[in-house]
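Novice: These protein sequences, in sequence, are chains D and W.
If you read the first sequence in this note's numbering, its first letter stands for residue 1, the second for the next number, and so on.
If you read the second sequence in this note's numbering, its first letter stands for residue 164, the second for the next number, and so on.
Ideal Cβ positions, reconstructed from N, Cα and C, are used throughout, including at glycine.
Shown below is the structure under consideration.
Number of protein chains: 2
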Amino acid sequence: MSAGDFESRWLAPEVNAVWTQFLTVTHRLEQQIERRLQDYHGISHTQYEVLVRLADADGARLRMSELAERIVTAKSAATYQVKRLADMGLAETFKCEEDNRATWVVLTDAGRERLEETAPCILSLVRELFLDSLDCHQAAELTELLTTWSANLDDTERPVKTQ
Amino acid sequence: MSAGDFESRWLAPEVNAVWTQFLTVTHRLEQQIERRLQDYHGISHTQYEVLVRLADADGARLRMSELAERIVTAKSAATYQVKRLADMGLAETFKCEEDNRATWVVLTDAGRERLEETAPCILSLVRELFLDSLDCHQAAELTELLTTWSANLDDTERPVKTQ
DNA sequence: CCTCACCGGTTCAATTTCGAACCATCCTAC
DNA sequence: GTAGGATGGTTCGAAATTGAACCGGTGAGG
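Below is the structure:
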């Protein structure tokens, strides 16, 4: 087996270490956020993300599909979680007038309140674990990387039609 | 509301963008890996990770707890997935002689074969989506960041006893 | 030796996620 | 118009994950 062969089948040790550590760090990060959110605010990370995305949206409302895309889940998972949030009184749905197939998801007042209650706690954790470690230079570098990765993901998801 | 107050409750827009994009990118990355693994190799990402960690381990075996820690899941999830892999003939368990409570998880020959079959496909995806975008400088920078984050996670998980 | 706290694993119920199948609506081309 | 494909959502069943409860085994202190 040649060196080139090796490289194409497996990863060079240093590169492999980066990838492994990346997986580990992201999972542990998610885990600690999840735990904090559950313990202190009785809400899951996904549910929190829904609140955030709604609050960020124009008129605090989003079509179901758009929401699913923004929280990066299957549409069915979005349906499920929105129903759950509706039960808690934190979100509501109503029919879209322009397109009878579509449904709007809206943040309720209670939802916004809950978010404002929850955000500081969770954001301080994010700062502590993730953001405070970035100096200006690193933040810029990371932003660039994230943008590149994002573009890669787009390309792979909808493969380029090379005419 | 003062600027400082704002900063402590919410995130400055640029920083917020980094965090949001980080979440999005990591989720989409996981999703595409998962899909590729399922479609082409009928195995989940978690199961693949188990195979990888076992193959990396001394003697291709690991205690159940150690395995759970390395794939970053609850012990019960490790038990479940190992059972699943055992059903597929890709892993086996046996009692630990030194400690009657413990169980070893071992990679079988079939397991190693399956891994060698699967790895190139998935690693090429990881390269394409993630690794190839890193030049030397960025790789070094990312490694440093990952190490810092990892340390942060350690600290928060087992809070420092400040005497 | 006991006792008792801790540790390694498993079991269990509850929650969440996914994709496939499905329904209804929309829209374009004829 | 209307047929047929695409689009927005929901439903459903299967699989995975979690934490709590639990069971033995271990090992340190009395």
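Would you mind working out which of W/A314, W/T281, W/V245 sits nearest W/L200, comparing C-alpha positions?
Specialist: Closest by alpha carbon: W/T281.
Novice: Please check the pair D/L146 and W/Q184, which I expect to be a contact at CB under 8 Å, by giving their CB distance rounded to whole angstroms.
Specialist: Contact holds; Cβ gap of about 5 Å.
Novice: Can you give me the C-alpha to C-alpha distance between W/K324 and W/S296, rounded to a whole angstrom?
Specialist: For W/K324, the pLDDT reaches just 45, beneath the cut-off of 50, and the residue's location in the model is therefore unreliable, although a value from the coordinates is still provided. Distance between the alpha carbons of W/K324 and W/S296: 40 Å.
Novice: Would a C-beta distance cut-off of 8 Å place W/V235 and W/A254 closer than the cut-off?
Specialist: Not in contact: W/V235 and W/A254 (Cβ atoms no closer than 8 Å).
Novice: I'd like to know whether the C-beta atoms of W/L286 and D/T156 end up nearer to each other than 8 Å.
Specialist: No, these two residues do not count as a Cβ contact at 8 Å.
Novice: List in chain order: all unbroken beta strand (DSSP E) runs of 3+ residues lying wholly within the region 175 to 231 of chain W.
Specialist: Here the runs fully enclosed are 224 to 226.
Novice: Taking beta-carbon pairs under 9 Å, can you tell me which members of the region 123 to 141 of chain D lie near chain W?
Specialist: Within the region 123 to 141 of chain D, the residues whose Cβ lies closer than 9 Å to some Cβ of chain W are L123, S124, L125, V126, R127, E128, L129, F130, L131, D132, S133, L134, H137, Q138, A139, E141, listed in chain order.
Novice: Pull up the DSSP beta-bridge partners for D/W104, would you.
Specialist: The partner list for D/W104 (beta bridge, DSSP) reads D/R63, D/F94.
Novice: How many angstroms separate the CA atom of D/Q176 from the CA atom of D/R35?
Specialist: Lying outside 1 to 163, the shown extent of chain D, residue 176 of chain D is not represented and no answer is given.
Novice: If you drop the 5 nearest sequence neighbours on each side, which residues of the same chain put their C-beta closer than 6 Å to that of W/I196?
Specialist: Answer for W/I196: H208, listed in chain order.
Novice: In three-state terms, what does DSSP make of W/L297?
Specialist: It is coil, neither helix nor strand.
Novice: Could you compute how far the alpha carbon of W/G252 sits from the alpha carbon of W/L214?
Specialist: Distance between the alpha carbons of W/G252 and W/L214 is about 12 Å.
Novice: Taking the CB atoms as reference points, tell me whether D/A55 and D/L115 lie closer together than 8 Å.
Specialist: In contact: D/A55 and D/L115 (Cβ atoms closer than 8 Å).
Novice: Quick check on the burial criterion: 16 or more other C-beta atoms within 10 angstroms. Buried or exposed for W/L316?
Specialist: So W/L316 ends up on the buried side.
Novice: Would you mind giving the Cβ-Cβ distance between D/A78 and D/A68, rounded to the nearest angstrom? I have them listed as a contact below 8 Å.
Specialist: With a Cβ gap of about 4 Å, D/A78 and D/A68 count as contacting.
Novice: Going along chain D, which residues have a C-beta under 7 Å from W/V178?
Specialist: What W/V178 touches in chain D: L131.
Novice: From D/A110, D/R63, D/R127, pick the residue whose C-alpha is nearest to that of D/W104; which is it?
Specialist: The residue with the shortest Cα to Cα distance from D/W104 is D/R63.
Novice: Give me the residue from D/L23, D/E30, D/E49 with the minimum Cα distance to W/R216.
Specialist: Closest by alpha carbon: D/L23.
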